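Note that full-length UniProt numbering gives residue 29 to position 29 of the sequence shown, counting from 1, and the numbers run on in steps of one.
First the structure, in the form of structure tokens, and then the observations on it.
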Amino acid sequence: MFDSLTQRLGGVLSSLRSRGKISSADVENTCQEIHQALLEADVALVVVNEFIELIRQRSLDALPTLQSGTNQAQVIFEIINAALIEILGSQARRVRFAKQGPTVVILAGLQGAGKTTLAGKLAKFYKDQGDTPILVASDLQRPNAVTQLQVVGQSIGVPVFAPEPGNGVGNAVAVAQDGVAFARSKQHNMVIVDTAGRLGVDATLMKEAIAIRDAVNPDEILFVVDAMIGQDAVRTAQAFLDGVGFDGVVLTKMDGDARGGAALSIAHITKRPIMFASTGEKVSDFDIFYPERMASRILGMGDVATLAEQAKRAFDPESSAKLESKFASGEDFTLEDFLEQLQAMSKMGSMSKMLGMLPGAASMKKQIDNFDGSELIRTQAIVQSMTKAERQDPKILNGSRRTRIANGAGRAVSEVNSLVERFSQAQKMMKQMRKGGVPQGMPPALAGMGAGMARPSAGKPIQKKKSKSGNPAKRAAQERG
């Protein structure tokens, strides 16, 4: 979402780093360029002005204290990063649980913001942490909203309280009240109430939202907003804040290609924290919103912390421990190990998203966008077509075995050859890492996997360098070839 803004800010900061001593004129030029970049990203003007003034004042105050030998551009960069974190809300916040359950959470927002899907994602998030949420279908206006919530609940194994069919039938306030009472009787510790929205803010919407709020006395009211609607997100949030009130914001559709100004504006204007962010269509594409991590992404520093958390959830602890023990003892990294890593990586979601979290990803946007995510599936198919003995010792893969593997995986023999060659390179890199000699330019954690995943053009086997003939005539013929 912030790709365009990240690229613009990256250019501004690169220009600043190219200077030695930073002057007040340099600060002013930097502020002007950031000002323009934020406006183009659809950030609210009042937020832009306050942000720029904050950077300008802090940077000018810091200039007299900077010594000639220090990295002055880095100091300004840290000031910009700190200011951005403040604008985004400073600290992450989770749902505040009631002392005596159940904890009641109401989701409010316009129709089309993704409340129903978000209700399922929020329920799964807390179910995975050991809580016992229940979903309440109080959106009785939008066609099939109740059915959609029931389908979502069934897919994640969370019960849904839906006594009314919806589609304009039923009393939403009574459903919310009865849902909370039912949750209490069944000892659920969390109730998530999905409410109706409208295409725009109107009196009917506000009246029903206020009535549900007063009837169930929620512990949290979360305003769900589509991050792609730009300036309208801020105006709508302010209208809900004035009419119903809310405790936190949830941003949906953060995986879209909009300019993302809403995320930088809404927390600062409403003085309410962005608590969660939905980053895709899957129920697992959801997490707590960390202002410092989002600031890091926007400034092109990646989000290694989130990437590490996703990897920790995806990789089996026993398999990881076994691989670490193998690595330490000097045993070879086998295709069996490689297959386990591929299967774990596939659980982490889109490879493009994962690569986008690495530092400097903005400068490789074109390559990341063109990354073929189905390569993981094709590679797994090839390895799974091998016998256990072949995975343990790829050296036994002669021509007939490779043909059998290619036929079993539905791939070309050249692709099998390419995978085996690349895997051999990965093994060599793992041995170098064990000796402390990490290959230049290759991150230690990704060195082995990187060699195994890098792929030349489909169908083109890696060409081995041929030795030159000692015969002058033959050598001339080779060079012409």
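The beta carbon of each residue, even a glycine, is placed where N, CA and C say it ideally should be.
Because the structure is a prediction, the values reported are computed rather than measured.
Under three-state DSSP, which class holds residue i?
i: T279; result: coil
i: A215; result: helix
i: G452; result: The predicted position of G452 is uncertain, since its pLDDT is 39 and thus under 50; no value can be drawn from it.
i: P291; result: helix
i: P394; result: helix
i: G410; result: coil
i: S23; result: coil
i: E78; result: helix
i: V158; result: coil
i: V43; result: coil
i: G166; result: strand
i: N49; result: helix
i: A98; result: coil
i: P143; result: coil
i: T403; result: helix
i: residue 496; result: The shown model of the chain, from 1 to 481, leaves out residue 496, and the question about it has no answer.
i: D337; result: helix
i: R17; result: helix
i: V416; result: helix
i: R93; result: coil
i: R56; result: helix
i: Q343; result: helix
i: G112; result: coil
i: M442; result: Because M442 sits at a pLDDT of 38, beneath the cut-off of 50, its placement in the model cannot be relied upon, and the following sentence gives the value as read from the coordinates. Three-state DSSP puts M442 in coil, outside helix and strand.
i: K431; result: helix
i: K207; result: helix
i: residue 492; result: A query on residue 492 cannot be resolved here, the shown segment of the chain reaching from 1 to 481 and no further.
i: G261; result: helix
i: L299; result: coil
i: L66; result: coil
i: R272; result: coil
i: N71; result: coil
Taking the beta strand (DSSP E) that residue i belongs to, which residues open and close that run?
i: T195; result: M190 to T195
i: T103; result: T103 to A108
i: A137; result: P133 to S138
Return yes when the Cβ of residue j is within less than 9 Å of the Cβ of residue i, no when it is not.
i: residue 487; j: G120; result: Outside the shown range of the chain, which is 1 to 481, sits residue 487, and nothing can be said about it.
i: P394; j: L335; result: yes
i: V225; j: A113; result: yes
i: N167; j: L140; result: yes
i: F276; j: F77; result: no
i: V160; j: V180; result: no
i: R402; j: V420; result: yes
i: A73; j: R17; result: yes
i: T116; j: V175; result: no
i: E208; j: A239; result: no
i: I55; j: I80; result: yes
i: D287; j: F97; result: no
i: L299; j: G11; result: no
i: N189; j: G101; result: yes
i: V146; j: P165; result: yes
i: Q425; j: Q380; result: no
i: S59; j: T30; result: yes
i: F223; j: R272; result: yes
i: R391; j: E415; result: no
i: G408; j: S385; result: yes
i: G280; j: D255; result: yes
i: Q432; j: D332; result: no
i: residue 484; j: P291; result: One cannot answer for residue 484 here, as it falls past the ends of the chain, which runs 1 to 481.
i: N234; j: S155; result: For the sequence presented, residue 234 should be read as Val rather than Asn. Not closer than 9 Å, so no.
On the DSSP bridge assignment, give the partners of residue i in chain order.
i: T421; result: A small correction: the amino acid at residue 421 is Glu; Thr does not occupy that position in the sequence shown. DSSP, once it has assigned bridges, lists no residue as partnering E421.
i: D226; result: T252
i: F286; result: S278
i: I221; result: I106
Kindly indicate the opening and closing residues of the alpha helix (DSSP H) around residue i.
i: V383; result: E375 to Q384
i: G120; result: K115 to K127
i: T387; result: Taken as a continuous stretch (DSSP letters only), T387 belongs to no alpha helix (DSSP H), as it is neither H nor E.
i: R235; result: Q231 to G243
i: S185; result: A172 to S185
Check whether chain B comes within 9 Å of residue i, counting only Cβ atoms and requiring the distance to be less than that.
i: L118; result: Going by chain labels, chain B is absent from the structure shown, which holds only one protein chain.
Quick check: does the Cβ of residue i come within less than 8 Å of any heavy atom belonging to the ligand ZN?
i: I221; result: This structure does not include the ligand ZN; it has no bound ligands of any sort.
Do the stretch 79-86 and the stretch 195-207 make contact, defined as three or more Cβ pairs closer than 8 Å?
The stretch 79-86 is not in contact with the stretch 195-207.
Can you confirm whether the stretch 36-55 touches the stretch 260-280 when touching is taken to mean that 3 or more C-beta pairs between the two stretches lie within less than 8 Å?
yes
Contact the stretch 29-36 vs the stretch 104-111: 3+ CB pairs below 8 Å:
no
Are at least three pairs of beta-carbons, each pair with one atom in the stretch 20-34 and one in the stretch 240-251, less than 8 Å apart?
No: the two stretches stay apart, fewer than three of their Cβ pairs being nearer than 8 Å.
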